[in-house]
Amino acid sequence: MARKILANVTDRETRVAILEEDRLSELIVERGERIVGNIYKAQVENVVPGLDAAFVDCGLEKNVFLHVSDLLPEEQLRARGRRGKGGRGGIPRVTEVTKKGDEFLVQIVKGPMGDKGARGTCRISLPGRYLVLMTDATEKVGVSKKIEDEQERRRLRDIGHEVRPEAFGIIVRTRAQGASKSELQDDVRFLTKLWQTIKGRTQQATAPALVNEDLSLVLEVLRDIFSAEVDEFTIDDKVTYDKVLNLLHNIAPHLRDRVHLYRSKEPIFSQHDVEKQIERALQPKVWLPHGGWINIEQTEALITIDVNTGKFTGKNLEDTVLRTNLEAAAEVAQQLRLRDMGGIIVIDFIDMDKPQHRRQVTQALREAFEQDRMRTRIMHITRLGLVEMTRKRTGESLAQQLQVTCPCCEGHGLILSPDTVAARVEREVRRMVRDDRVTTFHIIASPQVVLALVGAQGEYMDEFEKDLGIEVHARCDKTMHPEVYDIIPIQDRRAIRKLTTLRASRKIEITGENLFPADYPEAVVCVEGMVVFLPEVSPSHEPPFTIRLAKVANSHAGGTPVGK
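Counting with the working numbering, you get residues 774 to 1337 for the letters of the sequence shown.
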């Protein structure tokens, strides 16, 4: 499989795209401060027994969450779990472990999400190119589960025991396959020296303080992803390019010829069609190769994915369902990687009657996630076609990084219709007439709401005024939120004169700014805030054109084109 890494570096943000066969498989974005992987000297701000957790001050915007299990060394946690004391797996209460004012090192493992702060741990781990140094897991030597060759696993485990420094544990990473003992020893020397530096900084620092900042995004990708399996690593910034070459000179000189500096005037992401792929990755609907589609929705608690056959018709119903589900399994893995979605995920595959088909789809889903760098756990498919799974989450998803909540719907995806808002306005006016004895009103709302309020040709408003014996002067404001309106009682007749500036027979030049979309058979325009109906003008008639006002009421007017 052809793999490329593209790095787009600017003052505002850094973006790294990972392409597989020219298709975007991962996008990593860095804006401002990155905190995942950083190590802080922290101070306990408060202990919450009800959550069995502590909140610590690391100098960040929000305090960092630490569960009691994150406060214990790994060896102690495993030993207590084996003894199983007190019905809690032997884990003590948080009040037995720490108290307010305590200071210790904390490493961020999950970035903040929404209203939640970051999550941390006291079990510090330092990642290198081939292994991870565990500062509290003495004598532990682990090998990545993604290395499936048993002979290679044994070889790496034996080397791990030989190079492991005393009082430390190590985990051999997936990319260590085929690595020599000397390469792992170089990693160990670098990481143990880094740990001594961190301890020295800790002694001198006053909490809260940052004592070790993880690598920048491009250098992190270089450490964790760039390998002999990547055909090229292209960077569009000369300074970053030089840093990458300098680091590679020390850790992997044989890969230097695969790093390139992008010099073309066309933006690097546009050149490789990445921008369009990013736009598609922000859409909930994803089409499958044969006409089916999946719909991805993210909530605070979980992610739901719905699979549909769409336009696809196979040989028969069973064939259509099976092939659609198999295509969906591959696409789900691709999209979750690309969108960096994690947590609890529920996939609603199309119902399959045959158990062997359900097993086939489940196996296809597991195989599709084998290339995912994040840890996943997939449960069996149910008779209803549901699959529950989890994917490790370390921060905000791609959509959460690139998008903000809609100011109109506030994340619901729906807002009140103009008719619903207009009905609310009417109810409130009726209440004010009844309780406050008000008889004249100035109403300000969005154009669509005002149009719904006055009705076609203004008959709703005419009847409303007649029914209550009141005057209503409704005016449009294009800047108003579609659900927001103002109802202003008018006591002074001079205020009314300021609102009634339009007069019959007046000629008005209509431009594009006057038009607003309306599902009416005739044109509707907004002139000085008032709705004007043009029954003799087609809604598709292009401005500019001139009209003459024929009728002017309190909240609406009618007009005809000049010359007719």
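All C-beta atoms in this analysis are idealised placements derived from N, C-alpha and C, irrespective of residue type, glycine included.
Spatial neighbours of residue i in its chain, beta-carbon cut-off 6 Å, leaving aside the 5 residues before and after
{"i": "His1130", "result": "Leu1095"}
{"i": "Ala1225", "result": "Pro1191, Asp1192 and Ala1195"}
{"i": "His934", "result": "Val914"}
{"i": "Leu792", "result": "Lys777"}
{"i": "Phe999", "result": "Phe1006"}
{"i": "Ile1215", "result": "In the sequence under discussion, the amino acid at residue 1215 is His, which differs from the Ile named in the question. Contacts found: His1246, Ile1261 and Ile1263."}
{"i": "Ala1074", "result": "none"}
{"i": "Thr1178", "result": "Gly1184"}
{"i": "Gln1173", "result": "none"}
{"i": "Val905", "result": "Ser898 and Ile944"}
{"i": "Asp909", "result": "Pro846, Glu847 and Arg896"}
{"i": "Ile1076", "result": "Met1114 and Ile1118"}
Cβ-based neighbour list, residue i, same chain, cut-off 8 Å, excluding 5 preceding and 5 following
{"i": "Arg926", "result": "Val916 and Ile920"}
{"i": "Pro1255", "result": "Cys1181, Ile1188, Leu1189, Pro1191, Val1194, Ser1219, Gln1221 and Val1222"}
{"i": "Glu1295", "result": "Phe1306, Leu1307, Pro1308, Glu1309, Val1310, Ser1311 and Pro1312"}
{"i": "Trp1060", "result": "Trp1066 and Gly1083"}
{"i": "Leu1021", "result": "Leu995, Leu1028, Arg1029 and Val1032"}
Contact belief for residue i with residue j at Cβ below 8 Å, rounded distance in angstroms
{"i": "Ile943", "j": "Met907", "result": "6 Å"}
{"i": "Val802", "j": "Glu786", "result": "6 Å"}
{"i": "Lys883", "j": "Thr1167", "result": "5 Å"}
{"i": "Val870", "j": "Val841", "result": "6 Å"}
{"i": "Ile1151", "j": "Leu1138", "result": "6 Å"}
{"i": "Leu800", "j": "Leu1111", "result": "6 Å"}
{"i": "Val742", "j": "Lys889", "result": "Only positions 774 to 1337 of the chain appear in this structure, which leaves residue 742 out of reach."}
{"i": "Gln1050", "j": "Met1114", "result": "Their Cβ separation, rounded to whole angstroms, is 16 Å, which puts Gln1050 and Met1114 out of contact at 8 Å."}
{"i": "Gly1242", "j": "Ser1328", "result": "16 Å between Cβ atoms; not a contact."}
{"i": "Arg1031", "j": "Val1003", "result": "7 Å"}
{"i": "Leu988", "j": "Ile1008", "result": "Not quite, the Cβ-Cβ distance comes to about 15 Å (not below 8 Å), so this is no contact."}
{"i": "Arg1248", "j": "Ile1217", "result": "6 Å"}
Rounded separation between residue i and residue j - CA only
{"i": "Tyr903", "j": "Asn811", "result": "19 Å"}
{"i": "Gly859", "j": "Asp960", "result": "The predicted model places Gly859 with a pLDDT of 44, which falls under 50 and marks its position as unreliable; any figure quoted below should be read in that light. Their backbone Cα atoms lie some 41 Å apart in a straight line."}
{"i": "Ala1268", "j": "Leu1189", "result": "31 Å"}
{"i": "Arg892", "j": "Phe838", "result": "5 Å"}
{"i": "Thr1135", "j": "Val1257", "result": "48 Å"}
{"i": "Glu847", "j": "Asp1046", "result": "45 Å"}
{"i": "Pro958", "j": "Ile1024", "result": "Contrary to the premise, residue 958 reads as Gln rather than Pro in this sequence. Cα-Cα distance, rounded: 12 Å."}
{"i": "Glu1143", "j": "Leu779", "result": "22 Å"}
{"i": "Leu1099", "j": "Leu1090", "result": "14 Å"}
{"i": "Glu1238", "j": "Thr1212", "result": "9 Å"}
{"i": "Glu923", "j": "Gly887", "result": "42 Å"}
{"i": "Arg1197", "j": "Arg1132", "result": "54 Å"}
{"i": "Gln969", "j": "Leu990", "result": "24 Å"}
{"i": "Arg896", "j": "Asp1092", "result": "50 Å"}
{"i": "Asn819", "j": "Ala827", "result": "6 Å"}
{"i": "Arg788", "j": "Val994", "result": "11 Å"}
{"i": "Asp1250", "j": "Leu1175", "result": "30 Å"}
{"i": "Val782", "j": "Glu1140", "result": "34 Å"}
{"i": "Val936", "j": "Glu912", "result": "11 Å"}
{"i": "Val1227", "j": "Ile1283", "result": "21 Å"}
{"i": "Pro1317", "j": "Gly1332", "result": "15 Å"}
{"i": "Arg1270", "j": "Glu1244", "result": "13 Å"}
{"i": "Asn836", "j": "Ala1229", "result": "56 Å"}
{"i": "Arg1156", "j": "Gly901", "result": "44 Å"}
Contacting residues, own chain, Cβ-Cβ under 7 Å from residue i (five flanking each side not counted)
{"i": "Leu967", "result": "Leu899"}
{"i": "Leu1275", "result": "Val1300, Glu1301, Met1303, Leu1322, Val1325 and Ala1330"}
{"i": "Asp1079", "result": "Ile1067, Asn1068 and Asp1121"}
{"i": "Phe877", "result": "Ala815 and Cys895"}
Beta carbon proximity, residue i to chain C, threshold 7 Å
{"i": "Glu1048", "result": "Annotation note: the requested chain C is absent from the structure, which comprises a single protein chain."}
Any non-hydrogen atom of the ligand NAP closer than 6 Å to residue i Cβ
{"i": "Val914", "result": "The ligand content of the structure shown is nil, which means the ligand NAP is not present either."}
Is it true that the region 1182-1190 meets the region 1154-1165, where meeting means three or more beta-carbon pairs spaced less than 8 Å apart?
Judged by Cβ distances under 8 Å, the region 1182-1190 makes no contact with the region 1154-1165, as fewer than three pairs qualify.
Fully enclosed by the region 800-856, which beta strand (DSSP E) runs are 3 residues long or longer?
Uninterrupted beta strand (DSSP E) stretches at least 3 residues long and entirely within the region 800-856 occur at 812-821, 826-830 and 837-840, given in chain order.
Jot down the residue ranges of each uninterrupted alpha helix (DSSP H) in the region 1245-1290, minimum 4 residues, whole runs only, in chain order.
Runs found: 1266-1272.
Every unbroken alpha helix (DSSP H) inside the region 940-1009 [4 residues or more]:
The DSSP assignment places 954-977 and 990-997 as complete runs of the alpha helix (DSSP H) inside the region 940-1009, in order along the chain (cut-off: 4 residues).
Kindly confirm or deny that the region 1203-1213 and the region 1280-1290 touch, where touching means at least three C-beta pairs closer than 8 Å.
No: fewer than three Cβ pairs fall under 8 Å.
Any alpha helix (DSSP H) of 4 or more consecutive residues that is wholly inside the region 1176-1213:
Taking only runs of at least 4 residues, the alpha helix (DSSP H) segments lying wholly in the region 1176-1213 are 1191-1209.
Decide if the region 1317-1324 is in contact with the region 1271-1282; the criterion is three or more beta carbon pairs, one per stretch, under 8 Å apart.
In short, these stretches touch, since the Cβ pair count reaches three.
Between the region 978-994 and the region 947-966, can you find at least three pairs of beta-carbon atoms closer than 8 Å?
In short, these stretches do not touch, since the Cβ pair count stays below three.
Quick check: the region 1033-1042 against the region 1053-1062, are at least 3 beta-carbon pairs closer than 8 Å?
Touching, no, given that fewer than three Cβ pairs across the two stretches are closer than 8 Å.
Complete alpha helix (DSSP H) runs within the region 1111-1155 (minimum length 4 residues, chain order)
Runs of the alpha helix (DSSP H) inside the region 1111-1155: 1128-1141.
Which runs of the beta strand (DSSP E) spanning at least 3 residues fall entirely within the region 1031-1112, listed in chain order?
Segments of the beta strand (DSSP E) lying fully in the region 1031-1112: 1032-1034, 1058-1060, 1066-1071 and 1075-1081.
Contained beta strand (DSSP E) runs [length at least 3] in the region 861-923, N- to C-terminal order:
Taken in chain order, the unbroken stretches of beta strand (DSSP E) that lie wholly in the region 861-923 and span 3 residues or more are 876-883, 892-894, 898-900, 904-907 and 914-916.
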